[in-house]
Amino acid sequence: MSEYSFGFEETDETSGLGETQSQSQGPKWFREGLDKLSSQVNELKAENDRLKAEKKQQAVADALKAKGYAPAAASLYTGEPAKLDEWLTANAAALAKLPEGEQQGVQQTQQGPPPTTVPADGQEQMQRMQEQGTQGVAPPQGTDAELAAALKAAGSFEDFAKLMQSHGNPYDWGTS
């Protein structure tokens, strides 16, 4: 027995295979630990593969949506996201298109004022009324309780008129 054999002798049947008999019969706790680590590594590999597949499918879905196709078609494509255009040239006719407003994932923002329900002949008059309503008028100041207290405290008609005009009332209170 050699000084490094640790009580195990090498046999001819395992020599040349890269594994000695002593390695296959190592301590039980060591074999169990290796088995446990091996199973954990396999689980992590499976989880990593699943996450990579989800990421790839999401990239394909985003690309399809940007091109105006329904993102659900991503489940039909199994190739790389970089080669999606080639696949689309061959199969685009079979895919569902998105409605116009949903293309590229951005709702079209409305430019200008919202559409009006005022008839065309009354729109000019409505515009003048809006312009007149904001000229020379101050916005209300303070809370409702403060305004009520100020109205109660107004001792004269002139104080009341000044208070009303300062809070945005366009009526000319000076002529009574």
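Counting in the numbering used here, the sequence shown runs from 110 upward without gaps.
Backbone N, C-alpha and C fix where the C-beta goes; we use that ideal spot for every residue, glycine too.
Contact check, residue i vs residue j, beta carbons under 8 Å
i      : j      : result
Lys154 : Gly177 : no
Ala263 : Leu256 : no
Ala168 : Leu204 : no
Pro180 : Ala191 : no
Ala172 : Leu185 : no
Inter-residue spacing [alpha-carbon to alpha-carbon] between residue i and residue j
i      : j      : result
Gln166 : Gln232 : 51 Å
Gln236 : Trp196 : 54 Å
Pro208 : Ala199 : 22 Å
Ala141 : Glu152 : The displayed chain sequence assigns Glu, not Ala, to residue 141. Each residue's Cα considered, the two are about 17 Å apart.
Phe139 : Ala175 : 54 Å
Glu163 : Gln149 : 21 Å
Phe269 : Gly277 : 13 Å
Pro228 : Gln274 : 33 Å
Ser131 : Glu189 : Unreliable positioning characterises Ser131 in this predicted model, as indicated by a pLDDT of 48, which lies under 50. The coordinate reading is nonetheless provided below. Between Ser131 and Glu189, the C-alpha separation is close to 47 Å.
Tyr280 : Asp230 : 28 Å
Glu267 : Thr252 : 22 Å
Leu143 : Ala201 : 50 Å
Ala258 : Ser265 : 14 Å
Ser147 : Thr187 : 29 Å
Leu160 : Gly135 : 36 Å
Asp158 : Thr226 : 57 Å
Met238 : Ala254 : 30 Å
Leu260 : Glu240 : 28 Å
Lys137 : Glu156 : 29 Å
- Inside the segment 165 to 196 only - alpha helix (DSSP H) runs reaching at least 4 residues: none
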